[in-house]
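**Student:** Structure provided below as structure tokens; questions to follow.
In our numbering, the protein residues as written are 52 to 266.
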């Protein structure tokens with residue numbers, strides 16, 4: 052489920068090798084399919100075995116995957132880390148910008164992760180204000196529960212919320228929505244609010260969206 056940028060180096064190598072091996076039987080009709088399948092299965096078994104062993108052994112994991120490297124410490128660049136990782140200031144500035152930091156003076160720590168991404172801890176006076184800083188309790192806010200996705204009722208989620216189809220249809224009917232197949236999404240948040248968006252009518256400019264309920 053991971054994207055290419057999230058793969059460990061050895062996982063990326065295995066992925067490329069598998070892609071090449073799969074392509075060979077397709078390009079050469081004289082090449083038996085089984086001769087391409089066996090190496091692919093071998094690589095997959097090796098990759099799974101290495102991943103399992105790395106999961107069990109911290110030492111092996113550090114050898115295969117490496118360790119995170121501190122690139123900025125206490126607001127200062129660690130030049131030795133740059134040399135060890137063949138990293139340059141352009142790389143650092145680019146990754147900092149993707150994290151929303153355009154000034155190095157705002158950064159307290161920056162770590163280069165084993166998959167090549169950069170984790171950043173801003174300086175205390177540069178961090179966004181949170182409710183905890185203001186001693187405010189915002190209350191619990193969990194995940195919204197999708198009840199309709201692309202016109203299809205999610206019966207499992209309705210059961211989790213202890214609700215019936217009739218209730219859902221009745222709530223949407225209050226807003227003039229009688230054709231549930233037109234509902235792009237309808238979700239219920241933890242405060243009991245029903246949020247929805249509807250497909251546009253044929254020839255219309257756009258669908259409607261709204262919400263209702265809650266305590």
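By construction, the Cβ of each residue, glycine as well, lies at the ideal position given by its N, Cα and C atoms. Computed from a predicted model, the values in this text were never measured in an experiment.
(1) Spell out the partners DSSP gives residue 128 in its beta bridges.
(2) Report all residues from its chain with a CB closer than 8 Å to the CB of residue 211; omit the five preceding and five following residues, and keep chain order.
(3) Give the straight-line distance between the Cα atoms of residue 213 and residue 90, rounded to the nearest whole angstrom.
(4) Under the assumption that residue 194 contacts residue 236 (Cβ atoms under 8 Å), give the Cβ distance between them as a whole number of angstroms.
(5) Would you mind reading off the limits of the beta strand (DSSP E) that contains residue 238?
(6) Under the rule that 16 or more other beta-carbon atoms within 10 Å means buried, what is residue 238, buried or exposed?
(7) Which residues in the same chain as residue 135 place their Cβ atom closer than 6 Å to its Cβ, once the five residues preceding and following it in sequence are excluded?
(8) Is it the case that the Cβ atoms of residue 208 and residue 198 are separated by a distance below 7 Å?
(9) Which two residues bound the contiguous beta strand (DSSP E) that contains residue 197?
(10) Who are residue 203's beta bridge partners in DSSP?
(11) Throw me the rounded Cβ distance for the residue 158 and residue 126 pair, which I believe falls under 8 Å.
(12) Within the stretch 150 to 189, note down every full beta strand (DSSP E) run reaching 3 residues or more, in order along the chain.
(13) Going straight from the alpha carbon of residue 206 to that of residue 242, what length do you get?
(14) Give the DSSP bridge partners of residue 249, in chain order.
(15) DSSP three-state call for residue 244: helix, strand or coil?
(16) Closest to residue 222 by C-alpha separation, out of 232, 233, 246, 202, would be which residue?
(17) Under three-state DSSP, which class holds residue 100?
(18) Exposed or buried, which one is residue 183 when buried takes at least 16 other CB atoms within 10 Å?
(19) Exposed or buried, residue 64, counting other C-beta atoms within 10 Å across all chains shown (16 or more means buried)?
**Tutor:** Taking the coordinates as given:
(1) For the purposes of this step, residue 128 is taken as residue 77 along the chain shown, with counting starting at 1. Paired residue(s): 123.
(2) As a position in the chain shown, residue 211 is number 160, starting the count at 1. Hits under 8 Å: 196.
(3) By 1-based counting over the chain shown, the position of residue 213 is 162. By 1-based counting over the chain shown, the position of residue 90 is 39. C-alpha separation (whole angstroms): 50 Å.
(4) Here residue 194 refers to the residue found at position 143 of the chain shown. Here residue 236 refers to the residue found at position 185 of the chain shown. Going by Cβ atoms, the distance from residue 194 to residue 236 rounds to 14 Å, so no, they are not a contact pair.
(5) Looking up residue 238 in the chain shown gives position 187. For residue 238, the enclosing beta strand (DSSP E) starts and ends at 234 to 239.
(6) Mapped onto the chain shown, residue 238 falls at position 187. Burial call: buried.
(7) Indexing the chain shown from 1 puts residue 135 at position 84. Closer than 6 Å at Cβ, skipping near neighbours: no residue.
(8) Mapped onto the chain shown, residue 208 falls at position 157. Mapped onto the chain shown, residue 198 falls at position 147. In this structure, residue 198 lies closer than 7 Å to residue 208 by Cβ.
(9) The count along the chain shown starts at 1 and reaches residue 197 at position 146. Counting along the chain, the beta strand (DSSP E) containing residue 197 begins and ends at 196 to 200.
(10) To locate residue 203, count along the chain shown from 1; it is residue 152. Residue 203 is bridged to 200.
(11) To locate residue 158, count along the chain shown from 1; it is residue 107. To locate residue 126, count along the chain shown from 1; it is residue 75. So it is a contact: roughly 7 Å between Cβ atoms.
(12) 158 to 163, 169 to 173
(13) Locating residue 206 in the chain shown gives position 155, where the first residue counts as 1. Locating residue 242 in the chain shown gives position 191, where the first residue counts as 1. Distance between the alpha carbons of residue 206 and residue 242: 20 Å.
(14) Here the question's residue 249 lines up with position 198 in the chain shown. DSSP, once it has assigned bridges, lists 234 as partnering residue 249.
(15) Taking the chain shown and counting its residues from 1, the one referred to as residue 244 is at position 193. Strand, per DSSP.
(16) What you label residue 222 is simply residue 171 of the chain shown in a count that begins at 1. Here the closest residue by C-alpha is 246.
(17) Translated into positions along the chain shown, residue 100 becomes position 49. Residue 100: helix per DSSP, three-state reduction.
(18) By 1-based counting over the chain shown, the position of residue 183 is 132. Looking at its Cβ environment, which holds fewer than 16 other Cβ atoms inside 10 Å, residue 183 is exposed.
(19) Taking the chain shown and counting its residues from 1, the one referred to as residue 64 is at position 13. Counting Cβ neighbours within 10 Å, residue 64 comes out exposed, since fewer than 16 surround it.
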